[in-house]
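Here's the structure, in structure tokens; my notes come after.
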């Protein structure tokens, strides 16, 4: 691992949930990404550092999805999303983890992520997840801006 103080660090894993890791993903499969996330989470937990799990979820009627003017409209599948779509992947979450629900690409706006990091004295965040160019990247930039 890189050289930083784990006592002031947190691991933030993004979108490692059934409906996303179960999709066909490239260049790494959801299974591979999940295994890497679990391994990292184990190391952070062993060091006593927070593990924060972000998952995306919407109301059954999709009333809380991002409006079309700020995002490509998300079509609601016929019959809605599968019941376990937003459930974290099996074996990922542990009782000491912090689970935060987001309703858009990023988690620094409209969630308690920033509050949880600040209250725990976190100075370094390690981001991981499925889509580097979406969920991971969109949380990295605001996180950097908030912590400078």
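In full-length UniProt numbering, the protein residues as written are 1 to 148. Ideal Cβ positions, reconstructed from N, Cα and C, are used throughout, including at glycine. Note that this is a predicted model, so its numbers are computed, not measured.
Between residue 14 and residue 91 the beta-carbon gap is near 17 angstroms, outside 8 angstroms, which marks them as no contact.
Using a 10 angstroms sphere on the CB of residue 99, the tally of other CB atoms stays under 16, which defines it as exposed. When C-alpha distances from residue 20 are compared across 125, 86, 105 and 119, the shortest belongs to 86.
Taking C-beta separations shorter than 7 angstroms and ignoring five residues to either side along the sequence, the partners of residue 47 in its chain run 6, following chain order. Looking from the CA of residue 81, the closest CA among 93, 65 and 125 belongs to 65. Between residue 8 and residue 78, the alpha-carbon positions lie close to 45 angstroms from each other. At least 8 angstroms separates the beta-carbon of residue 115 from that of residue 52.
With 16 or more other Cβ atoms inside 10 Å of its own Cβ, residue 55 counts as buried. Scanning its chain for C-beta atoms nearer than 7 angstroms, with the 5 sequence neighbours on each side dropped, one finds around residue 18 the residues 84, 85, 87 and 89, in chain order.
The residues 6, 7, 9, 10 and 11, in chain order, have a CB closer than 8 angstroms to that of residue 49 in the same chain once the five nearest residues on each side in sequence are set aside.
DSSP places residue 120 in the coil class of the three-state scheme, outside both helix and strand.
Scanning its chain for C-beta atoms nearer than 7 angstroms, with the 5 sequence neighbours on each side dropped, one finds around residue 96 the residues 45, in chain order. Between residue 110 and residue 119, the C-beta gap is not smaller than 8 angstroms, which leaves the two residues out of contact. The beta carbons of residue 131 and residue 101 sit no closer together than 8 angstroms. Exposure of residue 32 is indicated by the presence of fewer than 16 other C-beta atoms within 10 angstroms of its C-beta.
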